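Written below as structure tokens is the structure these notes are about.
There are 4 protein chains.
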Amino acid sequence: MENLKEPMIESKIKLRVRYVECDPMGYLHHSNYLPYLEMGRTELFRQSGGDYRTLESEGFFFVVTKLSIQFKRPARFDDELEIVTRINRKTHVRIDHDYEIFHLQSRVLISTASSTIACVDRNGQLIPIPAKIDFQLPDGVTGSTP
Amino acid sequence: MENLKEPMIESKIKLRVRYVECDPMGYLHHSNYLPYLEMGRTELFRQSGGDYRTLESEGFFFVVTKLSIQFKRPARFDDELEIVTRINRKTHVRIDHDYEIFHLQSRVLISTASSTIACVDRNGQLIPIPAKIDFQLPDGVTGSTP
Amino acid sequence: MENLKEPMIESKIKLRVRYVECDPMGYLHHSNYLPYLEMGRTELFRQSGGDYRTLESEGFFFVVTKLSIQFKRPARFDDELEIVTRINRKTHVRIDHDYEIFHLQSRVLISTASSTIACVDRNGQLIPIPAKIDFQLPDGVTGSTP
Amino acid sequence: MENLKEPMIESKIKLRVRYVECDPMGYLHHSNYLPYLEMGRTELFRQSGGDYRTLESEGFFFVVTKLSIQFKRPARFDDELEIVTRINRKTHVRIDHDYEIFHLQSRVLISTASSTIACVDRNGQLIPIPAKIDFQLPDGVTGSTP
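Residue numbers (the working numbering), protein chains in the order written: chain A, 19 to 164; chain B, 19 to 164; chain C, 19 to 164; chain D, 19 to 164.
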């Protein structure tokens, strides 16, 4: 894998809520928001020139170490949503993301979230994020060691 | 449904991690912890004499409005876990829970979490928690309106 | 809802395999193919001018009564797949679909499946498929009562 | 791992349907039956003295190559179910299972299924089932090469 291109610091993905993801209330079940956030991170990484699958094959893994999420409005089967994912902090072993989830048409904000992921090896030991993953941070955001 | 029995303020459930819940790292995927917390709430409610399914048939629903979770150690396929669920605050429309997840044999704490659930009607409008759900809070914990 | 447009008898949808859908072997877990088939049915219905969510709000539901699936090749995280869904038989209460799942780039066929869905009311009782859902069948395929 | 004990040829497991597994109809979603079948296989293997996790660590994997399932009655949130799993045929690379799913209290049969699993190595290549997995077949059932 080459060094990353001038990286994106925000990804926007669109998706439709699946029937299987909805619960007896008719709402997107709260646990099913988390894979959407993961998809947001994957696309942000791809837009930066990265490929998470290749990274794993090279022995680098990212695990979620904490996550916080607020549910403001429900989503229902077949709703079209937009997931906005941003990096807001990066250290040599961790990356913090913020997320917003919108109803695509109405632009109503239905959920906000934040998470921390850490780089680990095959045995789950914390290791430095590979140098080639050189995400550019927004102005004023300075990564520091954790 | 009769008024609830002298309620439990803590539930402990045991479960085995399913193969389908684990990811390519071999770890229980972080999103799959959330259904475990929901199962903990359901059992806490059952131990208090409640029945969430009946409650829904009567038009009372509980939705998660926020959730925060820390992942300290991984869990793997076939691991036996214990989920400890406690109520730590209750208002007339909301209940806050805290959770701890342990490896059953080693007693290693692998995750902690907290959540807020709110009572809503069929249309998702906030409504008071039915009086019959009269959870007793631990000493020194006083519910107040939100 | 108006009567359906000249209906499609085949839908093709593209999707990427999600990390959460893959198991410790690194493969798309076999149970996670079934929601893909459901998405294929939903899109086939949409292309025909239908809207499954509206149909449910009107009291018509479709339940899967049987399903058969063959797994020929694995799929992995981030693979792009194409799901091809066809109606091959329709009676006044049931619709049979056939499916093929391909790796999008290589066109390798990784799975074939077939299913039967039946129309039921809110109480799960078998009811006739609403007349407005007038799927046109391919030449030579004649629907008959079950 | 020692050679297996006199093996069981049937496992019976009990479980409760989870809220997250149910769909907007209020029914256990049809895709969520498949993990139950997998749990039935895992327990059948465990009762025979086997340990699927250990087997994977030794480089033996079982993949589902085909599966067929009939849905006769719905299941709902909090229902207690029993999954009965039987081996009905075994060759040197494949095992066929049959399944019945019952409502635990009423003994109503809600689903029947059958599947074929095949033994593969880390690269997904078909390999002989390890000799130590010496499932005894019921009288009159003779395994043969596929």
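For glycine and all other residues, C-beta sits at the position ideal for the given N, C-alpha and C.
In this text the structure is predicted, and so the values were computed from the model without any measurement.
About 29 Å separates the Cβ atoms of L144(C) and I119(C), ruling out a contact at the 8 Å cut-off. Going by beta carbons, R91(B) and S129(B) fall inside the 9 Å limit. For P42(B), the C-beta contacts it makes with chain C under 9 Å involve Y37, C40, D41, P42, M43, G44, Y45, R94, F95, in order along the chain. Shortest Cα-Cα distance from Y54(D) to any of H48(C), G58(C), C40(C) involves H48(C).
Uninterrupted beta strand (DSSP E) stretches at least 3 residues long and entirely within the segment 51-137 of chain D occur at 79-89, 98-108, 112-121, given in chain order. Within the segment 112-146 of chain D, the residues whose Cβ lies closer than 8 Å to some Cβ of chain C are G142, listed in chain order. Closer than 9 Å to the CB of S86(A) there is not a single CB belonging to chain D. Burial check for D97(D): the Cβ neighbour count within 10 Å reaches 16 or more, so the residue is buried. Annotation: the continuous beta strand (DSSP E) that includes I31(B) extends over 28-34. Between D139(B) and I113(B), the alpha-carbon positions lie close to 16 Å from each other.
When only Cα atoms are considered, R125(A) and I101(A) end up about 11 Å apart.
Between L62(D) and S75(B), the alpha-carbon positions lie close to 37 Å from each other. Not one beta carbon of chain A lies nearer than 9 Å to the beta carbon of R91(C).
When only Cα atoms are considered, I151(D) and R59(D) end up about 13 Å apart. At a cut-off of 9 Å, the C-beta of S49(D) has a neighbouring C-beta in chain A.
Apart from the 5 residues on each side of it in sequence, I147(D) sits with its Cβ closer than 7 Å to the Cβ of H110, V111, C137 in its chain, given in chain order. For T60(B), the C-beta contacts it makes with chain D under 8 Å involve Y37, D96, in order along the chain.
Rounded to whole angstroms, the separation of the alpha carbons of L127(B) and E39(A) is 29 Å. Per the coordinates, the alpha-carbon of T72(C) lies some 18 Å from the alpha-carbon of I135(C). G44(B) and E56(D) have their C-alpha atoms spaced approximately 17 Å apart.
Under the Cβ criterion of 9 Å, P53(A) is counted among the residues facing chain B. At a cut-off of 9 Å, the C-beta of E56(B) has a neighbouring C-beta in chain D.
When only Cα atoms are considered, P42(B) and F79(C) end up about 35 Å apart.
For a cut-off of 8 Å, the C-beta gap from S132(A) to H115(A) is around 7 Å, short enough to register as a contact. For R104(C), none of the residues of chain A pass the 7 Å Cβ criterion, the least Cβ distance being about 19 Å.
At a cut-off of 9 Å, the C-beta of F78(A) has no neighbouring C-beta in chain B. With contacts defined as CB atoms closer than 9 Å, Q123(A) and T83(B) fail to qualify as a contacting pair. Judged by their CB atoms, Y51(C) and F95(C) are not nearer to each other than the 9 Å cut-off.
The bridge partners DSSP lists for Y45(D) are R94(D).
Annotation for L46(D): V35, E39, C40, A93 place their beta carbon closer than 6 Å to its own, counting only its chain and skipping 5 residues before and after.
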